[in-house]
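Note sheet for the following structure.
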Amino acid sequence: MTSSGQTSDVKHTWASYKMIRALSSGAFGRVLHMTQIDNNKEVVIKRVQYVNDEEKKLGDDEIKMLILAQSKHIVKYLESFIDGLDLCIVMEFCSGGNLRVLIEALKKMSIKDRKMKCYMPFYQMLSSLAHLHSLG
Numbered sequence: 001m002t003s004s005g006q007t008s009d010v011k012h013t014w015a016s017y018k019m020i021r022a023l024s025s026g027a028f029g030r031v032l033h034m035t036q037i038d039n040n041k042e043v044v045i046k047r048v049q050y051v052n053d054e055e056k057k058l059g060d061d062e063i064k065m066l067i068l069a070q071s072k073h074i075v076k077y078l079e080s081f082i083d084g085l086d087l088c089i090v091m092e093f094c095s096g097g098n099l100r101v102l103i104e105a106l107k108k109m110s111i112k113d114r115k116m117k118c119y120m121p122f123y124q125m126l127s128s129l130a131h132l133h134s135l136g
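Residues 1 to 136 in the UniProt record's numbering are what the sequence shown spells out, letter by letter.
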């Protein structure tokens, strides 16, 4: 059972993963690029504090939203588990990087190159928004 009340066939723990590198950190927690040891699958794990009622509600709500929002254009939620005082949210690893990196790269390109490079990411963003709006 995940923290969100969803049953899961997967039963991983923190020991099931090996860290590749930290991707970011802040008030939201830490985001880590990891490898699942049993199959060498690359994933991202978001570690957030899960101590008091407010943190638990925020974590549980995030998982519910990730499950509800599943689409081919949105990062896939894989599972979650508790490790010590943290909630670990496991998601697919997107090897192409994140939107912030893409936008920074686009700023350095010519207008012609920008136009060519931005069509697919913007199509994916609009498709994601359409999916989220369809959920109500």
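Just so it is clear, CB atoms sit at the ideal spot from N, CA and C, and this is done for glycine as well. Computed from a predicted structure; not experimentally measured.
In the structure shown, the three-state DSSP call for G59 is helix. Rounded to the nearest whole angstrom, the C-alpha separation of V31 and A22 is 6 Å. In the structure shown, F122 falls within a helical segment according to DSSP collapsed to helix, strand and coil.
DSSP places L85 in the coil class of the three-state scheme, outside both helix and strand.
Taking a 10 Å sphere around the C-beta of V101, we find fewer than 16 other C-beta atoms and assign the residue as exposed. Of M109, K76, L99 and K117, the smallest CA-CA separation from V44 is found for K76. The criterion of a C-beta distance shorter than 9 Å is satisfied by L87 and G59. For K18, the uninterrupted beta strand (DSSP E) segment begins and ends at Y17 to G26. Judged by DSSP in its simplified three-state form, V101 adopts helix. A residue is called buried once 16 or more other Cβ atoms fall within 10 Å of its Cβ, and S24, having fewer, is exposed.
Between G29 and K46, the gap from beta carbon to beta carbon is short of 9 Å. At least 9 Å separates the beta-carbon of M125 from that of K117. Taking the Cβ atoms as the reference, A69 lies roughly 6 Å from L132, within the contact range of under 8 Å.
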